[in-house]
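Colleague: First residue of the sequence shown? That's 1222 in the numbering used here, and the numbers climb one at a time after it. C-beta atoms are modelled at their ideal positions from N, C-alpha and C, and glycine is treated no differently.
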Amino acid sequence: MSDALSRLKQAVGPKGFSEDPRYIAPLLEEWRGTYHGRASLLVMPATTAEVSRVLAICNETGTAVVPQGGNTGLVGGQIPFDGEVLLSTQRLNRIRALDKDGGHVVAEAGVVLHNVQSAAEEAGLLFPLSLAAEGSCTIGGNLSTNAGGVNVLRYGMARDLVLGLEVVLADGRVLDLLRTLRKDNTGYDLKQLFIGAEGTLGVITAAALKLYPRPRQTTTALIPLADPDAAIALLAHLQTATGGLLTAFELIPRVGIDLVLKHTDSVDPLRAPAPWYALVEGPPFEDALGDAEAVIAQTQTQRAALWHLRDSLSEEQKLEGPSLKHDVSVPIAAIPAFIAEATAAVLAAVPQARPVTFGHVGDGNLHFNFNVPDTSRRADVARIVHDTVYRFGGSMSAEHGIGVMKREELLRYKSAAEIEVMRTLKHALDPKNILNPGKVI
1222 MSDALSRLKQ
1232 AVGPKGFSED
1242 PRYIAPLLEE
1252 WRGTYHGRAS
1262 LLVMPATTAE
1272 VSRVLAICNE
1282 TGTAVVPQGG
1292 NTGLVGGQIP
1302 FDGEVLLSTQ
1312 RLNRIRALDK
1322 DGGHVVAEAG
1332 VVLHNVQSAA
1342 EEAGLLFPLS
1352 LAAEGSCTIG
1362 GNLSTNAGGV
1372 NVLRYGMARD
1382 LVLGLEVVLA
1392 DGRVLDLLRT
1402 LRKDNTGYDL
1412 KQLFIGAEGT
1422 LGVITAAALK
1432 LYPRPRQTTT
1442 ALIPLADPDA
1452 AIALLAHLQT
1462 ATGGLLTAFE
1472 LIPRVGIDLV
1482 LKHTDSVDPL
1492 RAPAPWYALV
1502 EGPPFEDALG
1512 DAEAVIAQTQ
1522 TQRAALWHLR
1532 DSLSEEQKLE
1542 GPSLKHDVSV
1552 PIAAIPAFIA
1562 EATAAVLAAV
1572 PQARPVTFGH
1582 VGDGNLHFNF
1592 NVPDTSRRAD
1602 VARIVHDTVY
1612 RFGGSMSAEH
1622 GIGVMKREEL
1632 LRYKSAAEIE
1642 VMRTLKHALD
1652 PKNILNPGKV
1662 I
């Protein structure tokens, strides 16, 4: 092991590694504080060639390695637990090219999402991937977890925004799939294997990403609702009115608004409280609202204030105390029935639980959360929620991934054939199991 670590240090040079516990410590704990890890060495390669050398050495010596981007993952997939080498992409931080006419940008894995958004904006274009952690999450992590966010309704998940990838395989070979073609029908679409694989099949080092024209006009509105049924009806109505061009449709409960008002200096934008709210964004749809009460942003400052109510929810719920969180999806039409049935089932098991359900209802993704006095019933509640999800034809991980948190749950809800194919792929691409071992599968 000591010989392998020595060789890894040489492979990345004096600026490319650290053994300082104070520097490494923040990288060994995820945002919620659920997981705490241990690493034998931190390596920070600055080029694809250095990543290649690192993985070749790890593969040769049987040294396990855990890739990490911005460390914003929520299921423990980016944390080394057994003294593995931690491979951070933080120095792979160049935007290699931006083609305004071709509508794409080539960014390395360690580029922060916000920086890609800004580069696109400077070119008069839009990179639509947007999520609360965009100021610190990185492109490699976004793709490795197939990130979702608030604009999936119109632009799709992270995988839908990828034209090409550069990936380093477990044995150090560089798989150059970094093409910018919109059409390439030449066999298996290999890049898709690595998107959502959480670093278990290869290390993404760069990506060619789609850019879009910036919308000429955007309307942002907060609309009070009586219940989730009203939200689904409003979604269908506004999609029809805009020709299916809504970019975001977020469901927020009153308890969520109250949490944000309690812990921040935000102001309640509506005079009278409502049980639920929809935060909607897209091309102008004011006329479609009729006489419905709504707050419509007139300036960018007002738009930002409305989005702050939504984007702050996770952080403010954390300040409120222990919570049980579930990232699930169900068919859109089933959302009201799912919320009612699953909430009742959880409260029957944990009467002290306080529901805080919110999320990307436009694409069927709910963050089905509960504040609780303690988290001792976490596994029981997760089983209740996930069993209900699957009765409704849904998924127990809509956008956060599997990591270590949901690894055993995956075995419960995936078919035997699916698990067998996943294991076959893992063995074929990483026969020595050095890439993020113990995660996903």
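Whole angstroms are fine: how far does the CA of Val1424 sit from the CA of Leu1430?
Modeller: Cα to Cα, Leu1430 sits roughly 17 Å from Val1424.
Colleague: Check Ser1227 in the structure and name its three-state DSSP category.
Modeller: Note: Ser1227 maps to helix in three-state DSSP.
Colleague: What do you reckon, are the CB atoms on Ala1619 and Val1567 nearer than 7 Å?
Modeller: Contact: no.
Colleague: With a CB to CB cut of under 8 Å and the five nearest residues on each side skipped, what residues in its chain are close to Val1625?
Modeller: Same-chain partners within the cutoff: Tyr1256, Val1296, Gly1297, Gly1298, Ile1300, Phe1302, Gly1659 and Lys1660.
Colleague: Is Glu1536 helix, strand or coil by DSSP?
Modeller: In the structure shown, Glu1536 sits in a helix (DSSP, three-state: H, G or I).
Colleague: Check His1588 in the structure and name its three-state DSSP category.
Modeller: Strand.
Colleague: Is the beta carbon of Ala1277 less than 7 Å from the beta carbon of Gly1393?
Modeller: Cβ distance < 7 Å, so Ala1277 and Gly1393 count as in contact.
Colleague: Check the C-beta distance from Leu1249 over to Gly1258 and give it rounded, since I have them as a contact under 8 Å.
Modeller: Rounded, the Cβ-Cβ distance is 4 Å, consistent with contact.
Colleague: So Pro1557 and Asp1448 are in contact, right, with Cβ under 8 Å, and what is the actual spacing, rounded?
Modeller: The Cβ separation is near 7 Å, so the contact holds.
Colleague: With the cut-off set at 7 Å, would you say Leu1347 and Leu1307 are in Cβ contact?
Modeller: Contact flag unset, no.
Colleague: Taking all protein chains shown into account, do 16 or more other C-beta atoms lie within 10 angstroms of the C-beta of Ala1442, making it buried, or fewer, making it exposed?
Modeller: The residue is buried, with at least 16 neighbouring Cβ atoms inside 10 Å.
Colleague: Within the continuous alpha helix (DSSP H) that includes Ser1273, where are the two ends?
Modeller: It spans Thr1269 to Thr1282 - the alpha helix (DSSP H) in which Ser1273 sits, taken as one unbroken run.
Colleague: In terms of residue numbering, what span does the alpha helix (DSSP H) encompassing Tyr1634 cover?
Modeller: Unbroken alpha helix (DSSP H) run through Tyr1634: Arg1628 to Tyr1634.
Colleague: Please name the residue, chosen from Asn1280, Val1383, Leu1374 and Trp1528, that lies closest to Glu1329 on a Cα-to-Cα basis.
Modeller: Considering only alpha carbons, the answer is Val1383.
Colleague: In whole angstroms, what separates the C-alpha of Asn1280 from that of Leu1334?
Modeller: Spanning the two alpha carbons is a distance of roughly 30 Å.
Colleague: Can Asp1595 and Pro1543 be called in contact, C-beta distance under 7 Å?
Modeller: Yes, they are a contact pair.
Colleague: On the criterion of 16 or more Cβ atoms from any shown chain inside 10 Å, does Val1332 qualify as buried, or is it exposed?
Modeller: Buried: at least 16 other Cβ atoms inside 10 Å.
Colleague: Within a Cβ cutoff of 7 Å, which residues of the same chain sit near Phe1415, ignoring the five residues on either side of it in sequence?
Modeller: The answer, listed in chain order, is Leu1386, Val1388, Leu1422, Gly1423 and Ile1425.
Colleague: At a threshold of 6 Å, does Leu1646 count as lining the ligand NAP (C-beta to nearest heavy atom)?
Modeller: Summarising the ligand content, the structure contains no ligands, and the ligand NAP is consequently not present.
Colleague: Should Leu1390 go down as buried or exposed, given a rule of 16 or more other Cβ atoms within 10 Å for buried?
Modeller: Buried, since its Cβ has 16 or more Cβ neighbours within 10 Å.
Colleague: Can the beta-carbon of Lys1286 be found less than 7 Å from the beta-carbon of Ala1232?
Modeller: Note on residue identity: the sequence assigns Val, not Lys, to residue 1286. No, the Cβ-Cβ distance between Val1286 and Ala1232 is not below 7 Å.
Colleague: In the structure shown, what three-state DSSP assignment does Pro1557 receive?
Modeller: Looking at Pro1557 - three-state DSSP - the assignment turns out to be helix.
Colleague: In the DSSP assignment, find the alpha helix (DSSP H) that holds Ile1453 and state where it starts and stops.
Modeller: Element bounds for Ile1453: Pro1449 to Ala1462.
Colleague: According to DSSP, which residues form a beta bridge with His1621?
Modeller: Paired residues: none, contrary to the question.
Colleague: Just mark Asn1406 as buried or exposed, buried being the case when its beta carbon has 16 or more other beta carbons within 10 Å.
Modeller: The residue is exposed, with fewer than 16 neighbouring Cβ atoms inside 10 Å.
Colleague: How about Met1378 and Asn1367: are their beta carbons less than 7 Å apart?
Modeller: Closer than 7 Å, so yes.
Colleague: Go through its chain and collect everything with a Cβ distance to Gly1585's Cβ below 8 Å, but skip five positions before and after it.
Modeller: The residues are Ser1550, Val1551, Pro1552, Ile1553, Ile1556, Gly1615 and Ala1619.
Colleague: Counting only the same chain and skipping the five closest in sequence on each side, list residues whose C-beta sits under 7 Å from that of Gln1413.
Modeller: So the qualifying residues of the chain are Arg1380.
Colleague: Does the pairing of the region 1464–1484 with the region 1564–1579 give three or more beta-carbon distances under 8 Å?
Modeller: Yes, the region 1464–1484 is in contact with the region 1564–1579.
Colleague: Note the first and the last residue of the continuous beta strand (DSSP E) segment covering Ala1442.
Modeller: Per DSSP, Ala1442 belongs to the beta strand (DSSP E) from Thr1440 to Leu1446.
Colleague: Please give the ranges of any beta strand (DSSP E) in the region 1451–1531, keeping only runs that are unbroken, at least 3 residues long and fully inside the region.
Modeller: You should have 1469–1474 and 1497–1503.
Colleague: Does DSSP put Ser1351 in a helix, a strand or coil?
Modeller: Ser1351 falls in the coil class under three-state DSSP.
Colleague: With a threshold of 16 other CB atoms inside 10 Å of the CB of Tyr1244, please say whether the residue is buried or exposed.
Modeller: Exposed is the call here.
Colleague: Tell me which residue opens and which closes the alpha helix (DSSP H) that Ile1640 is part of.
Modeller: Here the alpha helix (DSSP H) through Ile1640 covers Ala1637 to Leu1650.
Colleague: From which residue to which residue does the beta strand (DSSP E) around Pro1242 run?
Modeller: Element bounds for Pro1242: not the beta strand (DSSP E) but the alpha helix (DSSP H), Pro1242 to Ile1245.
Colleague: Evaluate Leu1545 with the Cβ neighbour count: other Cβ atoms within 10 Å of its Cβ, from every protein chain shown; 16 or more gives buried, anything less gives exposed.
Modeller: Under this definition Leu1545 is a buried residue.
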